[in-house]
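Visitor:
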Amino acid sequence: VGGVLRDDDVASRLRATYGVDCVLVPGGGRPLYAHLAIVAKRSPRLAELILLEQREDGADDAILQLLVPDLSPAAARALLEYLYCDDVFFLHDAPRAHATVV
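Laid out in structure tokens, this is it:
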């Protein structure tokens, strides 16, 4: 991880499914694919959840589902963006096209 990423790099990494071994399932949203090593290294709380789920599941070859029903889909995506990129881009942070410089 590390380095500066452009917005399109972030989007492509979050959409990529190559090598994924877990899926974050937010409440009311579609699954978000991720890599256990990155998620566990960057989030101690999710690392605990991963260990609990692995003990219950027992399968080493399946994609591990991390159910996070308390997170909205937008919050889950922002969390993964932060875990992967050490930054989060919010739409309200973007310059407005109609803003006037005084």
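Note that the working numbering has the sequence shown beginning at 44, numbered continuously upward.
Yeah, the Cβ is synthetic: ideal placement off N, Cα and C, and Gly gets one too.
1) Roughly how many angstroms lie between the CA atoms of L150 and G62, to the nearest whole one?
2) What does DSSP give as the partner residues of Q108 in its beta bridges?
3) Run through DSSP, which three-state label would Y76 get?
4) Report the three-state DSSP secondary structure of Y125 (helix, strand or coil).
5) Does V82 come out as helix, strand or coil in the three-state DSSP assignment?
6) Take the Cβ of H141 as the centre, count every other Cβ of all protein chains shown within 10 Å, and call the residue buried at 16 or more, exposed below.
7) Tell me whether the beta-carbon of L92 lies closer than 7 Å to the beta-carbon of A119.
8) Ordered along the chain, which non-local residues of its own chain (more than five positions away) have a Cβ less than 6 Å from that of G72?
9) How should D130 be labelled, buried or exposed, when 16 other C-beta atoms within 10 angstroms of its C-beta is the threshold for buried?
Guide: According to the structure data:
1) Absent from the structure is residue 150, since the part of the chain shown begins at 44 and ends at 145.
2) V66
3) strand
4) helix
5) helix
6) The predicted position of H141 is uncertain, since its pLDDT is 45 and thus under 50; a value taken from the coordinates is nonetheless stated next. With fewer than 16 Cβ atoms within 10 Å of its Cβ, H141 is classed as exposed.
7) no
8) P116
9) exposed
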